[in-house]
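Structure first, then comments.
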Amino acid sequence: DTGVSQNPRHKITKRGQNVTFRCDPISEHNRLYWYRQTLGQGPEFLTYFQNEAQLEKSRLLSDRFSAERPKGSFSTLEIQRTEQGDSAMYLCASSLLGKETQYFGPGTRLLVL
Amino acid sequence: GDSVTQMEGPVTLSEEAFLTINCTYTATGYPSLFWYVQYPGEGLQLLLKATKADDKGSNKGFEATYRKETTSFHLEKGSVQVSDSAVYFCALSDIGDYKLSFGAGTTVTVRA
Numbered sequence: 002d003t004g005v006s007q008n009p010r011h012k013i014t015k016r017g018q019n020v021t022f023r024c025d026p027i028s029e030h031n032r033l034y035w036y037r038q039t040l041g042q043g044p045e046f047l048t049y050f051q052n053e054a055q056l057e058k059s060r061l062l063s064d065r066f067s068a069e070r071p072k073g074s075f076s077t078l079e080i081q082r083t084e085q086g087d088s089a090m091y092l093c094a095s096s097l098l099g100k101e102t103q104y105f106g107p108g109t110r111l112l113v114l
Numbered sequence: 121g122d123s124v125t126q127m128e129g130p131v132t133l134s135e136e137a138f139l140t141i142n143c144t145y146t147a148t149g150y151p152s153l154f155w156y157v158q159y160p161g162e163g164l165q166l167l168l169k170a171t172k173a174d175d176k177g178s179n180k181g182f183e184a185t186y187r188k189e190t191t192s193f194h195l196e197k198g199s200v201q202v203s204d205s206a207v208y209f210c211a212l213s214d215i216g217d218y219k220l221s222f223g224a225g226t227t228v229t230v231r232a
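Keeping their order, the protein sequence lines are chains L and R.
So for the first sequence, our numbering puts the first residue at 2; every next one is plus one.
So for the second sequence, our numbering puts the first residue at 121; every next one is plus one.
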């Protein structure tokens, strides 16, 4: 069990650029979740997948955000035309279908200048 | 919608002191309740959980009891150590999608 991994761990970009983050869940975990955490706040749900199907998206996920999980394994989260308000920690978690416990990765910290 | 309210911090304690972090929730159904912990420089880790009313979750000397009548899930530890210094998050998830709703977090610092 290698745990959930996320890459990159840190990303600095200029406003208007596109960025993509990757999450590798624990192998055989069917569900994969994305959360966003801003300074001093708890994580907020963005979206989740069951295998390759994206089952729910939060209203926080504007049209500039897109997430994929093409083969039901790793997932990517892309932010187009980044804005300073996108600066946050982006967290990925995975779980087995039917189990409540989610296992979190270390996160990707995004800074938009 | 579902929400979690937890005690604001920061909380500073001396070693061996008693720790309580209050957490209350609002949910339409019968959620599962969690405490997650984030140690400095590390990712979120599950500390303990309870899935139904009157269940008690426990781990590493921490305990929390699911109280449906008061919609609470307060975290307690009888004797804290310096290594317990971390940010603690209360969270809930509804049956089905299991997405988590978190409180704002409480920063705990334990001094030797």
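We put the CB at the ideal spot given by N, CA and C, even for glycine.
All values derive from a computational prediction rather than experimental measurement.
Asked: In this structure, how does DSSP classify G177 (chain R) when only helix, strand and coil are distinguished?; Found: strand
Asked: Check each candidate in L:Q85, L:P26, L:V113 and name the one with the smallest Cα separation from E53 (chain L).; Found: L:P26
Asked: In the DSSP output, which residue or residues are listed as bridge partners for R187 (chain R)?; Found: R:S192
Asked: Have a look at S88 (chain L) and S76 (chain L) and give me their C-alpha separation to the nearest angstrom.; Found: 20 Å
Asked: Using the three-state DSSP reduction, which class does D214 (chain R) fall into: helix, strand or coil?; Found: coil
Asked: Under 8 Å between C-beta atoms, does P107 (chain L) make it to chain R?; Found: yes
Asked: Using the beta-carbon of each residue, which ones in chain L are nearer than 8 Å to S152 (chain R)?; Found: E101
Asked: Count the other CB atoms, across all protein chains shown, that sit within 10 Å of the CB of S203 (chain R); report buried if there are 16 or more and exposed otherwise.; Found: exposed
Asked: What's the call for Y150 (chain R), buried or exposed, on a 16-neighbour Cβ count within 10 Å?; Found: exposed
Asked: Out of curiosity, what's the CA-to-CA distance linking K58 (chain L) and Y49 (chain L)?; Found: 7 Å
Asked: Starting from S123 (chain R), trace the beta strand (DSSP E) in both directions and tell me its first and last residue.; Found: 123-126
Asked: Report all residues from its chain with a CB closer than 7 Å to the CB of T190 (chain R); omit the five preceding and five following residues, and keep chain order.; Found: none
Asked: By the three-class DSSP mapping on this structure, what secondary structure does D25 (chain L) have?; Found: strand
Asked: Since T171 (chain R) meets chain L, which of its residues come closer than 8 Å, beta carbon to beta carbon?; Found: E101
Asked: Can you check DSSP and say which residues form a bridge with F209 (chain R)?; Found: R:Y156
Asked: Does the segment 58-69 of chain L come close enough to the segment 88-98 of chain L to have 3 or more Cβ pairs within less than 8 Å?; Found: no
Asked: Put S203 (chain R) into one of helix, strand or coil per three-state DSSP.; Found: helix
Asked: Tell me which residue opens and which closes the beta strand (DSSP E) that R32 (chain L) is part of.; Found: 32-38
Asked: Is L40 (chain L) close to the ligand GDP? I mean its beta-carbon at under 7 Å from any heavy atom of the ligand.; Found: The ligand GDP is not part of this structure, which contains no ligands at all.
Asked: Under 8 Å between the Cβ atoms of Y186 (chain R) and I141 (chain R)?; Found: no
Asked: Let me check understanding here. Comparing Cα to Cα, which of L:I13, L:P44, L:S28, L:K15 lies closest to S6 (chain L)?; Found: L:S28
Asked: Apply the 10 Å Cβ neighbour rule to P44 (chain L) and answer buried if 16 or more other Cβ atoms are within range, or exposed otherwise.; Found: buried
Asked: So is P44 (chain L) in contact with chain A if we call contact Cβ pairs under 8 Å?; Found: Among the chains of the structure shown, chain A does not appear; the protein chains present are L and R.
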